[in-house]
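Chains P and V, in that order, give the protein sequences. Heads up: take any position in the first sequence, counting from 1, add 629, and you land on the working numbering. Heads up: take any position in the second sequence, counting from 1, add 3, and you land on the working numbering. Cβ coordinates follow ideal geometry from the N, Cα and C atoms, glycine included.
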Amino acid sequence: SQQGEEDPQALSIQEGENATMNCSYKTSINNLQWYRQNSGRGLVHLILIRSNEREKHSGRLRVTLDTSKKSSSLLITASRAADTASYFCATDSGANNLFFGTGTRLTVIP
Amino acid sequence: EPEVTQTPSHQVTQMGQEVILRCVPISNHLYFYWYRQILGQKVEFLVSFYNNEISEKSEIFDDQFSVERPDGSNFTLKIRSTKLEDSAMYFCASSRQPGQVYGYTFGSGTRLTVV
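This is the structure we're talking about:
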C-alpha cells in the first residue's frame, strides 16, 4: 500500500503561530497533494508537488518533498482560527487515483 | 469559482435498498471520480471515469457499485443493494486533465446512512 501517514494526529496552536504537519508514504509517487477538510465537509485541494520538486509555496503554505525519505511536510505560517480543519496528504502514483493519509487535526486557538 | 455539486447532502436508506448518489462535475472537466470516507477512517478511492468508461477501480468497487454519466452533465454512483458497511461519506471529484497534473476538485459529499 502506498497510503500516507500524517503526524501528528492532532495539533493545537495559538493564532499567529506556525503549524507543521508531516506525511510519510511507502511507494514511489508521481506527485503528492495536500487537502483540507473542515468538519463534515468536502475536501479542498491546497497544493500539489511533483516528484521532481523539492519545495513549493502558495500564500501562507509551504510544502516540502523528500523522495529519498518518502516524506513531505506542510507548513502553515501565521495561522488563523479559520485554518482549523483536518489536513490530509494524498499520493498519486500516476494511475489517476489518490491514496490518502490518516490526516492531522489542526486546532488554531484565537 | 466553479464547484462540484453533490446531491443529496444526506441520505438515509434501508439495508438492501438501491441508492443513487448524484454529482454535477465542473462543466469543462473530463475526468470524474468517486471516493468514500467511512467515519473516522481514511478517504478511499472507488473509481475513476473518463470518456464514458471506467478507467480505474479499487477492490471496494465491486458488482454492487456502478457509475454512469447519463446526460453529459451528471455523474452518478449507484449502489444496488446497500449494506450497513456502505454507510460513509461519498465524495465526487473531477479534473480537467488527469489529476496528477493540477489536482482534483472535490464536492462537499453525500453522507449515506444505511439502517
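Opening and closing residue of the beta strand (DSSP E) in which residue i lies
i       : result
E635(P) : E634 to D636
R691(P) : L690 to D695
K60(V)  : E56 to K60
A91(V)  : A91 to S98
K685(P) : E684 to S687
A714(P) : A714 to D721
T116(V) : T113 to V117
H674(P) : L672 to R679
S76(V)  : That residue, S76(V), is in no beta strand (DSSP E); it is neither H nor E in DSSP.
I29(V)  : Here I29(V) belongs to no beta strand (DSSP E), and DSSP marks it neither H nor E.
Chain P contact for residue i (CB, 7 Å cutoff)
i       : result
P101(V) : yes
S51(V)  : yes
E59(V)  : yes
F109(V) : yes
V70(V)  : no
F64(V)  : no
C-alpha distance - residue i paired with residue j, whole-angstrom precision
i       : j       : result
S90(V)  : I57(V)  : 23 Å
K81(V)  : Q643(P) : 44 Å
S657(P) : N681(P) : 12 Å
L574(P) : C718(P) : Residue 574(P) lies beyond the residue range present for chain P, which begins at 630 and ends at 739; the question has no answer from this structure.
A707(P) : R689(P) : 7 Å
E646(P) : K699(P) : 27 Å
G19(V)  : L672(P) : 29 Å
Y107(V) : S98(V)  : 5 Å
N77(V)  : F64(V)  : 19 Å
G730(P) : L24(V)  : 25 Å
Q666(P) : V7(V)   : 15 Å
T79(V)  : F35(V)  : 10 Å
G43(V)  : S30(V)  : 32 Å
H13(V)  : C26(V)  : 13 Å
S653(P) : D636(P) : 8 Å
Contact with chain V by residue i, beta-carbon distance below 7 Å
i       : result
N726(P) : yes
L672(P) : yes
L677(P) : yes
T731(P) : yes
Proximal residues to residue i (C-beta, below 7 Å), its chain only, five neighbours per side dropped
i       : result
Y38(V)  : V46, E47, F48, L49, F94 and A96
K685(P) : I676, I678 and V692
S641(P) : T736 and I738
Own chain, CB closer than 6 Å to residue i, minus 5 neighbours either side, in chain order
i       : result
M92(V)  : Q40, G112 and R114
N725(P) : none
S69(V)  : K81
E59(V)  : S51
Per DSSP, cross-strand counterpart(s) of residue i
i       : result
I82(V)  : V22(V) and F68(V)
T16(V)  : V117(V)
Q666(P) : L672(P) and S715(P)
R39(V)  : E47(V) and Y93(V)
T10(V)  : R25(V)
Cβ-based neighbour list, residue i, same chain, cut-off 8 Å, excluding 5 preceding and 5 following
i       : result
Q638(P) : T731, G732, T733 and R734
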